[in-house]
Amino acid sequence: QPLFEFSGACAGCGETPYVRLLSQLFGDRTVIANATGCSSIYGGNLPTTPWTVNEEGRGPAWSNSLFEDNAEFGLGMRLTLDKQSEYAFELVEKMAGKIGADLAKDIMEADQSSDALIAEQRKRVAVLKGKLEGMTDNAQAANLLSVADMLVKKDVWIVGGDGWA
Numbered sequence: 032q033p034l035f036e037f038s039g040a041c042a043g044c045g046e047t048p049y050v051r052l053l054s055q056l057f058g059d060r061t062v063i064a065n066a067t068g069c070s071s072i073y074g075g076n077l078p079t080t081p082w083t084v085n086e087e088g089r090g091p092a093w094s095n096s097l098f099e100d101n102a103e104f105g106l107g108m109r110l111t112l113d114k115q116s117e118y119a120f121e122l123v124e125k126m127a128g129k130i131g132a133d134l135a136k137d138i139m140e141a142d143q144s145s146d147a148l149i150a151e152q153r154k155r156v157a158v159l160k161g162k163l164e165g166m167t168d169n170a171q172a173a174n175l176l177s178v179a180d181m182l183v184k185k186d187v188w189i190v191g192g193d194g195w196a
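Residues 32 to 196 in my numbering are what the sequence shown spells out, letter by letter.
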C-alpha cells in the first residue's frame, strides 16, 4: 500500500515515483530526512500532506532541514534511532524477570529481515506494551514503554532532488 499520495507536485515530476516507491517498500517504518527543495514543497505543505497512514494508523515520519546539511541531518536521525533502539533493548534485558524471560528473549533475538518477521516483532512489542501499561509504579517500565516502538526496525532515507544531489 502506498503511503504517499496526492502530492501536488508538478505534472511529470520525476521525484514523486521514487518517494512513493519508498513508502511501498518500507511502509510505516520509513523515516525520511528531506533536503530543502521541491520535495519539501510537495512533501510538507501544511495543512495538507501527501503522506498518509495505513489501516493501523501508522505512517512514514518526514522531516526537513532548512539548512544545506541534509546528509548530516539524516545521519543524525539514524544515530538517534539506533541509540533509542539500543536503550530499549537494554531495558528489555534488565526487565526480563518482570516482563517474562521468554518474551524478552524473543524480542531480543528477533530476526527483522523481512516484512513478515517485522510484523511478528510488532506483535511481540504489542504484548510487551500491554504488560508495561500494568506496571504504573515502575519507572523502568515507564521508560521502556516510551521507547518500545524502537524495538521494531526503522528505515532512514535521505531524500533530495537534483539541486541537493
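Beta carbons: idealized from backbone N, C-alpha and C, even for Gly.
Between TRP93 and VAL84, the alpha-carbon positions lie close to 12 Å from each other. A Cβ-Cβ separation of about 46 Å leaves ALA127 out of contact with TYR73 under the 8 Å criterion.
Counting only the Cα atoms, ILE149 lies some 14 Å from ARG89. Going by DSSP, ASN174 is part of the alpha helix (DSSP H) stretching over 170-178.
Between PRO78 and LEU53, the C-beta gap is not smaller than 9 Å, which leaves the two residues out of contact. Within its own chain, the residues whose Cβ lies closer than 6 Å to the Cβ of GLN55, once the five positions on either side in sequence are excluded, are PRO33, listed in chain order. Less than 9 Å separates the beta-carbon of ALA66 from that of ASN95.
Taking 9 Å as the cut-off, the beta carbon of ALA64 is found closer than this to the beta carbon of VAL187. Secondary structure at VAL183: coil, using DSSP grouped into helix, strand and coil. ALA173 counts as exposed, since fewer than 16 other C-beta atoms from the protein chains shown sit within 10 angstroms of its C-beta. The alpha carbon of GLN115 has as its nearest neighbour, out of ASP137, GLY58 and ASP180, the alpha carbon of ASP180. The three-state reading of DSSP puts PHE57 in helix, counting H, G and I together.
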